[in-house]
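Each residue of the sequence shown is one higher than the one before, starting from 58 at the first, in the working numbering. Here a beta-carbon is modelled for each residue, glycine too, at the ideal position from N, C-alpha and C.
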Amino acid sequence: MAKQVIHTEKAPAAIGPYSQAVRAGNTVYLSGQIPLVAETMEVISEDIVEQTTQVFKNLQAVCEAAGGSLEDVVKFNIFMTDLGNFATVNEVMTQFIKQPYPARAAMGVRALPKGVQVEIEGIMVLED
58 MAKQVIHTEK APAAIGPYSQ AVRAGNTVYL SGQIPLVAET MEVISEDIVE QTTQVFKNLQ
118 AVCEAAGGSL EDVVKFNIFM TDLGNFATVN EVMTQFIKQP YPARAAMGVR ALPKGVQVEI
178 EGIMVLED
């Protein structure tokens with residue numbers, strides 16, 4: 058099965074040796090997004106609401122570049138440096154994702170790239 062690299066200028070460029078997403082068959086593997094603004098490659102702010110909102114905007118842009126949307130995501134993995142932000146991240150997520158919700162895991166981690174508070178990766182399945 059051939060794999061297709063997904064790239065869009067509407068989301069931050071990869072800051073390492075990886076792709077924004079890779080499609081294999083009808084499955085798209087979304088690399089972790091952090092709250093970078095695509096145009097500046099700078100962290101949007103220190104605020105967890107603004108960071109989480111930016112992460113979902115970045116994921117949305119990559120999903121659209123792959124021919125889908127956030128509604129096609131079947132699994133998210135959320136990484137947070139402070140699990141005390143769990144409820145806030147949930148609240149922002151519901152502004153972008155409607156029921157039925159995808160599967161999800163949320164993990165507390167010691168640190169994330171560029172000192173951000175949240176990173177989210179996902180798996181999206183597209184119609185054949």
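Measuring CB to CB, does alanine 163 end up less than 8 Å from phenylalanine 143? If you number the sequence shown from 1, residue 163 lands on position 106. If you number the sequence shown from 1, residue 143 lands on position 86. A contact, by the Cβ cut-off of 8 Å.
Where isoleucine 72 falls, given that 16 or more other Cβ within 10 Å makes a residue buried: Position 15 of the sequence shown, counted from the start, is the residue given in the question as residue 72. Counting other Cβ atoms within 10 Å of its Cβ, isoleucine 72 stays below 16 and is therefore classed as exposed.
Could you pull the DSSP bridge partners for methionine 58 from this structure? Position 1 of the sequence shown, counting from 1, holds the residue named residue 58. Methionine 58 is not bridged by DSSP to any residue.
Glutamate 128 - DSSP class collapsed to helix/strand/coil: The residue you call residue 128 lines up with position 71 of the sequence shown. It is helical.
Secondary structure of glycine 172, DSSP reduced to three states: Within the sequence shown, residue 172 is the residue found at index 115, counting from 1. Under the three-state reduction of DSSP, glycine 172 is assigned to helix.
Out of curiosity, what's the CA-to-CA distance linking glutamine 117 and threonine 84? Taking the sequence shown and counting its residues from 1, one reaches residue 117 at position 60. Taking the sequence shown and counting its residues from 1, one reaches residue 84 at position 27. Taking the Cα positions, glutamine 117 is about 16 Å away from threonine 84.
Roughly how many angstroms separate the alpha carbons of isoleucine 105 and serine 126, rounded to a whole number? Reading the sequence shown from its first residue, position 48 is the one you call residue 105. Reading the sequence shown from its first residue, position 69 is the one you call residue 126. For isoleucine 105 and serine 126, the gap between their C-alpha atoms comes out near 23 Å.
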